[in-house]
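Numbering (the working numbering), first residue to last: 99 to 425.
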């Protein structure tokens with residue numbers, strides 16, 4: 099039997115309540131929020147955020163952090179797009195190329211973090227600038243466009259025509275998001291690697307003493323972040339039909355806000371994928387609502403920063419309270 103009182107102990111419960119309240123308020127305050135078209139567009143536009151959030155979630159649980167993934171995605175995007183424009187191909191090949199490039203860059207981050215013993219946030223901020231700088235230099239800041247027809251049209255399952263006359267269904271961004279969520283959930287909850295990632299994030303010294311290969315796990319989690327950054331890059335390219343070298347610059351704060359808002363601890367070892375998904379949903383709804391209410395775009399950045407500050411503060415207070423209760 100479900101214990102109602104236990105719900106109040108979970109961070110995810112309060113997120114769900116906040117989402118319901120926010121949706122109710124926007125439904126009353128606007129005429130377009132609860133329309134099928136708006137919900138569909140909001141889901142598609144937040145797919146990139148959701149995919150990257152899954153990757154950052156894994157890194158945070160492991161006790162690390164990666165700020166460089168927007169640049170990783172940008173490089174993977176440019177390499178993939180250049181190949182497709184020159185040689186053609188299909189979506190499978192596009193995802194493989196982007197994920198492979200992203201993984202290699204993520205693994206490089208892991209090697210630097212583990213071998214240099216420098217805080218991951220410093221290493222990855224440095225690599226963010228290195229990656230972006232190299233990309234701008236090599237590409238001369240040029241945009242890529244003119245993709246093949248198959249790439250621009252995308253793919254869609256279970257399509258139908260709504261009352262508004264527009265077609266809806268499981269398109270490429272939504273399918274990529276769903277597959278990423280399912281795979282990440284299975285990885286973190288049903289596999290030995292997932293348990294080891296939680297163990298390393300909880301206490302890396304203890305994890306090393308019981309035989310967990312910490313270096314291999316570093317390679318995996320940062321490589322996984324890089325791979326998902328590459329996948330998100332393909333999705334963004336298909337949505338925008340173009341590649342701009344600096345299009346993802348600054349996106350790291352939005353992704354970090356979603357993951358921390360979802361309850362993932364900045365110190366590692368604590369957090370759930372459900373919380374991250376709810377965090378992504380809350381940010382997507384909030385951004386969409388601000389747009390519908392004609393709030394200037396610069397306030398979106400202010401709200402994102404406040405959400406990060408508030409989320410970290412609440413998480414820190416909860417961890418302090420739990421520590422006092424266990425003492």
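By construction, the Cβ of each residue, glycine as well, lies at the ideal position given by its N, Cα and C atoms.
This structure is a prediction, so every number in the text was calculated from the model and none was measured.
>> Let me check one thing: in DSSP terms, what residues is residue 259 bridge-paired to?
In response: Locating residue 259 in the chain shown gives position 161, counting from the first residue. Beta bridge pairing from DSSP links residue 259 with 265.
>> Am I right that residue 148 and residue 262 are in contact with their C-beta atoms under 8 Å? What's the rounded C-beta distance?
In response: Reading the chain shown from its first residue, position 50 is the one you call residue 148. Reading the chain shown from its first residue, position 164 is the one you call residue 262. The pair is not a contact, with the Cβ atoms about 25 Å apart (cut-off 8 Å).
> Which whole-angstrom value is the C-beta distance of residue 117 and residue 383, which I expect to be below 8 Å?
Replying inline: Taking the chain shown and counting its residues from 1, one reaches residue 117 at position 19. Taking the chain shown and counting its residues from 1, one reaches residue 383 at position 285. The beta-carbon distance between residue 117 and residue 383, rounded to whole angstroms, is 6 Å. This is short enough to meet the 8 Å contact definition.
> According to DSSP, what are the bridge partners of residue 378?
Replying inline: As a first step, residue 378 must be located in the chain shown, where it is residue number 280. According to DSSP, which records beta bridges pairwise, residue 378 is partnered with nothing at all.
> residue 158 bridges to which residues according to DSSP?
Replying inline: As a first step, residue 158 is located in the chain shown; it is residue number 60 there, counting from the start. DSSP output for residue 158 lists no bridge partner at all.
> By the 10 Å Cβ neighbour count, where 16 or more other Cβ atoms means buried, how is residue 322 classified, buried or exposed?
Replying inline: Position 224 of the chain shown, counted from the first residue, corresponds to residue 322. Residue 322 should be labelled buried.
> Beta carbon of residue 265: closer than 6 Å to some heavy atom of the ligand GDP?
Replying inline: Among the components modelled here there is no ligand, and therefore nothing to report on the ligand GDP.
> If residue 325 and residue 175 are in contact, beta carbons under 8 Å, what's the gap, nearest whole angstrom?
Replying inline: Along the chain shown, one-based indexing puts residue 325 at 227. Along the chain shown, one-based indexing puts residue 175 at 77. The pair is not a contact, with the Cβ atoms about 13 Å apart (cut-off 8 Å).
>> Using the Cβ count rule (16 or more neighbours within 10 Å means buried), how would you classify residue 168?
In response: Along the chain shown, read from residue 1 onward, the residue named residue 168 stands at position 70. The residue in question, residue 168, is buried, as its Cβ has 16 or more Cβ neighbours within 10 Å.
> Should the stretch 175-191 be called in touch with the stretch 242-249, which here means at least 3 C-beta pairs below 8 Å?
Replying inline: The stretch 175-191 is in contact with the stretch 242-249.
> In whole angstroms, what is the alpha-carbon distance linking residue 99 and residue 110?
Replying inline: Along the chain shown, read from residue 1 onward, the residue named residue 99 stands at position 1. Along the chain shown, read from residue 1 onward, the residue named residue 110 stands at position 12. Below a pLDDT of 50, predicted positions are generally treated as unreliable, and residue 99, at 48, falls in that range; the measurement from the model is reported next regardless. For residue 99 and residue 110, the distance between alpha carbons rounds to 19 Å.
> Is it right to say residue 277 is buried, meaning 16 or more other beta carbons lie within 10 angstroms of its own, or is it exposed?
Replying inline: Against the chain shown, residue 277 aligns to sequence position 179. With fewer than 16 other CB atoms across the displayed protein chains lying within 10 angstroms of its CB, residue 277 is exposed.
> Considering only residues of the same chain and omitting the five flanking positions on each side of residue 272, which have a CB-CB separation below 8 Å?
Replying inline: In the chain shown, the residue the question calls residue 272 occupies position 174. Excluding residues within five positions, the ones whose Cβ falls inside 8 Å are 141, 142 and 145.
> Which of the three DSSP states, helix, strand or coil, is assigned to residue 240?
Replying inline: The residue you call residue 240 lines up with position 142 of the chain shown. When secondary structure is reduced to three states using DSSP, residue 240 falls in the coil class, being assigned neither helix nor strand.
>> Helix, strand or coil, according to DSSP, for residue 234 in the structure here?
In response: Within the chain shown, the letter at position 136 stands for residue 234. Here residue 234 carries a helix assignment [DSSP, helix/strand/coil].
>> Beta-carbon within less than 6 Å of residue 120's beta-carbon, same chain only, minus the 5 sequence neighbours each way: which residues are those?
In response: Counting from one through the chain shown, the residue named residue 120 turns up at place 22. When the five nearest sequence neighbours on each side are left out, the beta carbons in the same chain lying within less than 6 Å of the beta carbon of residue 120 are those of 383, in order along the chain.
> Are residue 390 and residue 131 touching if we call contact CB-CB under 7 Å?
Replying inline: Reading the chain shown from its first residue, position 292 is the one you call residue 390. Reading the chain shown from its first residue, position 33 is the one you call residue 131. Yes; because the gap between Cβ atoms is below 7 Å, this pair is in contact.
> Which one or two residues does DSSP pair with residue 341 in a beta bridge?
Replying inline: Numbered from its first residue, the chain shown carries residue 341 at position 243. According to DSSP, residue 341 shares a beta bridge with 242.
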